[in-house]
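Just so we're aligned, residue 108 is where the sequence shown starts under the numbering used here, counting upward by one.
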Amino acid sequence: MNGSETVHEVHESRIFTLIARSGWVVTGLLHVIIGALAIAVAFGDRRARPDEVGAFEVIAAAPLGPVLLVAVIVSLVGLGVWMLADAILNGGPMHRWTSGVASAAQGLVYLALAVPPGILLFGGDLQSGRNSRALSRFLLDSAAGAVVLVLVGVGIAVGGVYFIVKGIRRRFSWELRPMTERRGRAVRALGAVGYVARGIAFLLLAGLIVVEAIQVDPNDVTGLAGALGALRRGFLGEFWLASIGVGLIIYGIYGFARARLAKI
Numbered sequence: 108m109n110g111s112e113t114v115h116e117v118h119e120s121r122i123f124t125l126i127a128r129s130g131w132v133v134t135g136l137l138h139v140i141i142g143a144l145a146i147a148v149a150f151g152d153r154r155a156r157p158d159e160v161g162a163f164e165v166i167a168a169a170p171l172g173p174v175l176l177v178a179v180i181v182s183l184v185g186l187g188v189w190m191l192a193d194a195i196l197n198g199g200p201m202h203r204w205t206s207g208v209a210s211a212a213q214g215l216v217y218l219a220l221a222v223p224p225g226i227l228l229f230g231g232d233l234q235s236g237r238n239s240r241a242l243s244r245f246l247l248d249s250a251a252g253a254v255v256l257v258l259v260g261v262g263i264a265v266g267g268v269y270f271i272v273k274g275i276r277r278r279f280s281w282e283l284r285p286m287t288e289r290r291g292r293a294v295r296a297l298g299a300v301g302y303v304a305r306g307i308a309f310l311l312l313a314g315l316i317v318v319e320a321i322q323v324d325p326n327d328v329t330g331l332a333g334a335l336g337a338l339r340r341g342f343l344g345e346f347w348l349a350s351i352g353v354g355l356i357i358y359g360i361y362g363f364a365r366a367r368l369a370k371i
């Protein structure tokens with residue numbers, strides 16, 4: 108048996124696919140926590156941080172926090188490696204090079220997402236917001252730094268539009284196995300609302316990055332938590348922020364369904 112065949116057998120193994128599915132459970136859980144934190148901010152909780160860092164800190168503070176962090180890391184790494192392998196072996200879920208590139212990119216994102224819980228597990232401090240400001244300050248100190256931040260913001264905005272279109276047009280249905288008509292309607296409704304809410308959150312983050320890069324104020328570039336906090340200060344901000352929080356929770360519930368129903 109050569110190396111390629113070994114990789115293919117591991118990729119198709121039941122244990123590996125179960126670990127990959129557990130990665131979608133984790134991403135669903137993260138979105139549920141972020142959504143709940145966003146709702147908390149909408150109701151005036153200034154300590155809540157509605158972003159991935161805040162979600163990981165909530166998990167770490169839970170009973171058996173270190174055990175949960177290990178499970179989170181294993182699941183995210185497993186999903187990331189599975190998507191990279193799927194991109195290389197099969198060209199992604201749609202078996203073409205564009206699908207392969209998309210799967211590889213998502214795999215790298217999941218691997219990167221496994222880093223923060225690893226830092227927490229070994230006693231590190233994620234310092235939500237501070238790292239974003241430090242990176243922004245470094246970029247804005249260089250001649251082309253503002254341009255880089257604007258391009259990052261534009262890239263995030265493109266991702267936000269993609270999620271919104273994907274939700275409205277329900278272009279995620281191919282990700283799922285065949286279902287009964289009743290279950291299919293429920294799961295697709297969850298996915299549609301969740302993807303739109305996630306896309307809006309991306310657009311808010313992109314807008315914050317671009318505006319603050321133009322104003323050359325790195326102290327205000329604080330990631331998703333900062334973007335949602337800025338939304339709260341706007342007209343009917345509490346309502347819109349709570350609505351996005353509910354949408355992210357719905358996306359998280361869709362993530363749980365996807366873990367069970369996704370094509371692997």
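Where is the CB? At the ideal position from N, CA and C, for every residue including glycine.
query                                                                                                     : result
Nearest candidate by alpha-carbon position, reference Val194, set Asp232, Ser182, Gly207                  : Looking at the sequence provided, one finds Ala at residue 194 rather than Val. Of Asp232, Ser182, Gly207, the residue nearest in Cα terms is Gly207.
Proximity below 8 Å, CB of Tyr217 to CB of Gly262                                                         : no
Local conformation of Leu186 per DSSP, three classes                                                      : helix
Collapsed DSSP secondary structure at Ala155 in the structure displayed                                   : coil
Inter-residue spacing [alpha-carbon to alpha-carbon] between Glu282 and Ala178                            : 24 Å
Inter-residue spacing [alpha-carbon to alpha-carbon] between Gly274 and Leu368                            : 17 Å
First and last residue of the uninterrupted alpha helix (DSSP H) at Ser350                                : 344-368
Local Cβ density within 10 Å of Glu159, reported as buried at 16 or more and exposed below that           : buried
Per-residue burial, Ser280 [other beta carbons within 10 Å of its own, 16 or more giving buried]          : exposed
Where the alpha helix (DSSP H) through Ile122 begins and ends                                             : 121-149
Simplified DSSP state of Leu171, which is helix, strand or coil                                           : coil
Separation of Ala209 from Arg121, as counted between CA atoms                                             : 24 Å
The segment 263-271 in contact with the segment 226-233 per 3-pair CB rule at 8 Å                         : no
Sufficient close CB pairs (3 or more, under 8 Å) joining the segment 144-151 to the segment 346-356       : yes
Close Cβ partners of Val184 (< 7 Å) along its chain, the five nearest in sequence each way excluded       : Leu218, Ala221
Counterpart residues of Leu283 in DSSP-defined beta bridges                                               : Ala369
Whole-angstrom distance between Phe309 and Val257, CA atom to CA atom                                     : 14 Å
Reduced DSSP secondary structure (H/G/I, E/B, other) of Asp193                                            : helix
Classification of Ala364 by the beta-carbon crowding that lies within 10 angstroms, buried from 16 upward : buried
N-terminal and C-terminal residue of the alpha helix (DSSP H) that Gly225 is part of                      : 222-228
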